[in-house]
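Below: one structure, written as structure tokens.
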């Protein structure tokens, strides 16, 4: 193997590379850019070197040349009508061990669902062979569905969670991976047995992830207290200490998720008026915090989230399929400039698809509009698409790297094919008169993973 | 061809036939029967001749013999673990011409959506080649998704609607097909130009369908006033007259679908206090009436629906993706013994899948539980499954023929395969310890058309 070439194409996947055709991405929450006859050049390092609009095919060679490459021999992929590029989806809340329990136990309220369905299932990840098999299926399944970045909760097992991180690295998915901390309110057969062990395992887990991906090129450890109910003060304090020592570490937890959860948290931590104060006290609310659900958040707490620059992971499917129908005030978060992304919460919901999550985000925003008598208008599809891409990147503090096709960012992208074929027969057929926006709308509303023909992470094709 | 054999297997599809394995169907709204090691024998006429429980493989030949067939040579299909039979899905509200506009225009309130998105689209069915192509794709698409019976609105064009019926017959889908009556509040380029023409075309359409399927073996004409807003008194009276002359004809319309629609109806028909009185006056509320949506139905109207034995087509997707979030009081309908089925309302919603409709029925029932502070408890998955099968059959007055696997009914069934393969990689994986009920739950919550391996209508395999 010629090392020079290997260095020039570090992932061995045909980079550099260019695309010509329709390119669709979000510039801001309410600003969708649809580029017709666009051209995008991806460098050998997987970064976007050029993004141009209204490029005729005759102009392609000139742009290749301008970018410093040799025309004619440079690989350019031409997208046909009905095909377009969009940014990869970002799943800001995902319990990887729940891959094999998706949809089971819907209708149970949170603590029942944890004890009856989830804990017995997650406990199986003690078995590392089971973990390998299930996480391989999980990561492939999410990549196939266009999730180029996921923020994963592992199980409480640090060994299995290391396997999850290794599989992400091997399959080429960008991921935050956390060993789940939980040392109480869970059965003895599925919890960290002491606070010390919980923290020690976490430190060891972080060190392992830094070792396997020293550049944080794809995989980053994330602090993952399950939620305050399952952590003693010692564990929360220990994690806060790690966060202070490592200000680059992201943090994730569940936040004001359900009435039952909020009540129990207050009983366990009577010294705090609310969850914002609780997690802030333990140094767990930073601009790198990803807070899942955020249903019942009052004026004061919203102020803290904004001030501390925390991100909200909106999980509209699990919010409406547990024992109760709950709507997070997403319009209000957006109005205040609080960061918001989408989470499949696969396991807690039923679907592992961000496309489903976008549709459900749209539906629950209609509910919120009705419930607030119009004060909180519905989300548009453009806004839902933003949440699934650039919004998610902001929540993960990765918007300098991914989320849209700004020059200089890494190329995490999906190649969407909407033409009806034997394989892809369910999507709404494209009609002669359909604009690119209608084609995009048909994909969002009626497409699925079969319409995601290629998935790229850092320029590398990873579709499995 | 040997005519004797042809008569014995009238549809040329390998009947008679038996299945052995897990069989799941509804006996009543809250009664799901899961038959382990079941055996079902389907006769040459497509009817169920035997349904047996707990049959060991050694007993199969005895049952074949009992049913009057020759053991050993009789074809028995053995279902493996992870596979089961369930009744075909019944879609009680489906606008076939909207197949190619699914998902488009979501967020618009009803009259805007009709004028901007739907009418221009439906007008294309004037072109019979377009109709042939689009309806072929539509009927195949629905069959593929397990919809063995659909109640279709056609466009206003009787010719195109005849083509739809012919395609259903050719592809083997059981269907109600209606030429849509609409002679006002629609643009000149897309409406019946006179009441006389509207009625005359309808009579001609009915005669044609009776000619092509004289036994009503699969295709039945259905009276289809779009809704009162689009019909003058003359048209409603003319349709009511046809209904009186033909008491076997089913009838479908939209009923109390949206606040805007109800207001306009009251302006156009000030002589009626409500829509129940209006449609009843015109002889359009009978036990064969399928009323779509039924969102805002008061005590009086509920009484009429019950008394007149009308059926409700619940369309939870379109009810929540138009400009407003609306929840039909399904629990209350069930409590009163009013017939309820599910509709994809594909076009008005975004999905052509009854599986999606079941999930959304579950979700909006959670909303209704919250909105009524627990008075109307959520639907269980069992109830949602009932709505998609036996409930739909009741709404169509076809429950003597289809909807479950009662001996004597016609065999409309789906063969569900849940094993994860390259093709079917999104469904929640089945675990060793999963019961048949959990496998069924995983299919309902995370499966899609890829898990519907075979579709049978009247015993004939029709999967396309």
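Protein chains in written order, with full-length UniProt numbering: chain A, 1 to 464; chain B, 1 to 464. Ideal placement from N, C-alpha and C gives every residue a C-beta, glycine not left out.
Residue 81 of chain A (DSSP reduced to helix, strand or coil): For the purposes of this step, residue 81 of chain A is taken as the residue at position 81 of the first chain. Coil at residue 81 of chain A, not helix or strand.
Residues bridged to residue 415 of chain A (per DSSP): In the first chain, the residue the question calls residue 415 of chain A occupies position 415. DSSP output for residue 415 of chain A lists A:85 and A:454 as bridge partner(s).
Buried or exposed (CB count within 10 angstroms, at least 16 for buried), residue 66 of chain A: Counted from its first residue, the first chain places residue 66 of chain A at position 66. Its Cβ having fewer than 16 others within 10 Å, residue 66 of chain A is exposed.
Beta-carbon neighbours of residue 104 of chain B, restricted to chain A and to distances below 8 Å: As a working mapping, residue 104 of chain B is identified with position 104 in the second chain. Neighbours of residue 104 of chain B on chain A, chain order: 428, 438, 441, 442 and 445.
Beta carbon proximity, residue 49 of chain B to chain A, threshold 9 Å: For the purposes of this step, residue 49 of chain B is taken as residue 49 along the second chain, with counting starting at 1. No, its Cβ sits nowhere closer than 9 Å to a Cβ of chain A.
Secondary structure, beta strand (DSSP E): runs of 3+ residues fully inside the stretch 118-188 of chain A: If one requires a minimum length of 3 residues, the beta strand (DSSP E) runs lying completely within the stretch 118-188 of chain A are 147-153 and 174-178, in chain order.
Nearest neighbour of residue 318 of chain A, chosen from B:339, B:282, B:332 and B:359 [CA to CA]: Taking the first chain and counting its residues from 1, one reaches residue 318 of chain A at position 318. Taking each of B:339, B:282, B:332 and B:359 in turn and checking the Cα distance to residue 318 of chain A, the smallest one comes out for B:359.
Residues near residue 108 of chain B by beta carbon distance below 8 Å, same chain, minus five either side: Residue numbering aside, residue 108 of chain B sits at position 108 when the second chain is read from its first letter. Contacts found: 116, 117, 322 and 323.
Inter-residue CB distance, residue 212 of chain A and residue 176 of chain A (contact presumed, cutoff 8 Å): Numbered from 1 along the first chain, position 212 holds the residue referred to as residue 212 of chain A. Numbered from 1 along the first chain, position 176 holds the residue referred to as residue 176 of chain A. 14 Å between Cβ atoms; not a contact.
Closer than 9 Å at the beta carbon, the chain A residues around residue 177 of chain B: Residue numbering aside, residue 177 of chain B sits at position 177 when the second chain is read from its first letter. Chain A residues near residue 177 of chain B: none, gap ~20 Å exceeds 9 Å.
Backbone secondary structure at residue 207 of chain A - three-state DSSP: Counted from its first residue, the first chain places residue 207 of chain A at position 207. In this structure, residue 207 of chain A counts as helix in the three-state DSSP scheme.
Contact list for the stretch 337-355 of chain B against chain A, Cβ threshold 8 Å: 350, 351, 352 and 353
Assumed close pair residue 287 of chain A, residue 310 of chain A - CB separation to whole angstroms, cut-off 8 Å: For the purposes of this step, residue 287 of chain A is taken as the residue at position 287 of the first chain. For the purposes of this step, residue 310 of chain A is taken as the residue at position 310 of the first chain. Indeed, because the Cβ distance is near 7 Å, the residues count as touching under 8 Å.
For residue 220 of chain A, the residue or residues it bridges with in DSSP: The residue given as residue 220 of chain A occupies position 220 in the first chain. For residue 220 of chain A, which the question treats as bridged, DSSP gives the partners A:176.
Helix, strand or coil at residue 26 of chain B [DSSP, three-state]: Residue 26 of chain B sits at position 26 when you count from the first residue of the second chain. Strand, per DSSP.
Residue 102 of chain B beta carbon less than 9 Å from that of residue 442 of chain A: For the purposes of this step, residue 442 of chain A is taken as the residue at position 442 of the first chain. For the purposes of this step, residue 102 of chain B is taken as the residue at position 102 of the second chain. For residue 442 of chain A and residue 102 of chain B, yes; Cβs fall inside 9 Å.
Rounded distance between the beta-carbons of residue 392 of chain A and residue 459 of chain A, thought under 8 Å: Translated into the one-based positions of the first chain, residue 459 of chain A becomes position 459. Translated into the one-based positions of the first chain, residue 392 of chain A becomes position 392. That pair is no contact at about 19 Å.
Any C-beta of chain A under 9 Å from that of residue 275 of chain B: As a working mapping, residue 275 of chain B is identified with position 275 in the second chain. So, not an interface residue.
Proximity winner among A:365, A:400, A:24 and A:436, relative to residue 414 of chain A (alpha-carbon distances): Taking the first chain and counting its residues from 1, the one referred to as residue 414 of chain A is at position 414. Ranking the options by Cα distance to residue 414 of chain A, first place goes to A:24.
9 Å Cβ cutoff met for residue 121 of chain A and residue 60 of chain A: Stepping through the first chain from its first residue, residue 121 of chain A is reached at position 121. Stepping through the first chain from its first residue, residue 60 of chain A is reached at position 60. No. Outside cutoff.
Stretch-stretch touch, CB-based, cutoff 8 Å, three pairs: the stretch 177-193 of chain A with the stretch 221-238 of chain A: yes
Cutoff 8 Å; reference residue 461 of chain B; Cβ partners in own chain excluding five residues on either side: On the second chain, residue 461 of chain B is found 461 positions in, with the first residue counted as 1. Excluding residues within five positions, the ones whose Cβ falls inside 8 Å are 13, 14, 454 and 455.
Reduced DSSP category for residue 252 of chain A - H, G, I as helix; E, B as strand; rest coil: Indexing the first chain from 1 puts residue 252 of chain A at position 252. Correct three-state label for residue 252 of chain A: strand.
Between the CA atoms of residue 136 of chain B and residue 143 of chain B - distance to the nearest angstrom: In the second chain, counting from the first residue as 1, residue 143 of chain B sits at position 143. In the second chain, counting from the first residue as 1, residue 136 of chain B sits at position 136. Cα to Cα, the separation comes out at about 11 Å.
Chain A contact residues for residue 520 of chain B, given Cβ-Cβ distances below 9 Å: The structure shown does not extend to residue 520 of chain B, since chain B spans only 1 to 464, so no value can be given for it.
Within-9 Å CB hit, residue 1 of chain B to chain A: Residue mapping note: residue 1 of chain B aligns to position 1 of the second chain, counting from 1. Note on residue 1 of chain B: pLDDT 32, under 50, position unreliable in the model; the coordinate value appears next. For residue 1 of chain B, the answer is no, since every Cβ of chain A falls outside 9 Å of its Cβ.
Neighbour-count burial assignment, residue 381 of chain B, 16 or more Cβ in a 10 Å radius: Numbered from its first residue, the second chain carries residue 381 of chain B at position 381. Label assigned to residue 381 of chain B: buried.
Buried/exposed call for residue 194 of chain B, threshold 16 Cβ in 10 Å: Taking the first residue of the second chain as position 1, residue 194 of chain B is located at position 194. Exposed: under 16 other Cβ atoms inside 10 Å.
Inter-stretch contact (C-beta, 8 Å, three-pair minimum) for the stretch 232-239 of chain B and the stretch 186-202 of chain B: yes
Nearest neighbour of residue 114 of chain B, chosen from B:260, B:388 and B:272 [CA to CA]: Translated into positions along the second chain, residue 114 of chain B becomes position 114. With distances taken between Cα atoms, residue 114 of chain B lies closest to B:260.
Members of the stretch 161-190 of chain B near chain A, C-beta cut-off 8 Å: none
9 Å Cβ cutoff, residue 260 of chain B in contact with chain A: As a working mapping, residue 260 of chain B is identified with position 260 in the second chain. It does not; no Cβ of chain A falls within 9 Å.
Pair within 9 Å by beta-carbon distance, residue 89 of chain B and residue 146 of chain B: What you label residue 89 of chain B is simply residue 89 of the second chain in a count that begins at 1. What you label residue 146 of chain B is simply residue 146 of the second chain in a count that begins at 1. Contact: yes.
Backbone secondary structure at residue 67 of chain A - three-state DSSP: Locating residue 67 of chain A in the first chain gives position 67, counting from the first residue. Reduced to three states, the DSSP call for residue 67 of chain A is coil.
Under 9 Å between C-beta atoms of residue 402 of chain A and residue 410 of chain A: Taking the first chain and counting its residues from 1, the one referred to as residue 402 of chain A is at position 402. Taking the first chain and counting its residues from 1, the one referred to as residue 410 of chain A is at position 410. Yes, these two residues count as a Cβ contact at 9 Å.
Inter-residue CB distance, residue 250 of chain A and residue 220 of chain A (contact presumed, cutoff 8 Å): By one-based count along the first chain, residue 250 of chain A stands at place 250. By one-based count along the first chain, residue 220 of chain A stands at place 220. Residue 250 of chain A to residue 220 of chain A, Cβ: 7 Å. Contact.
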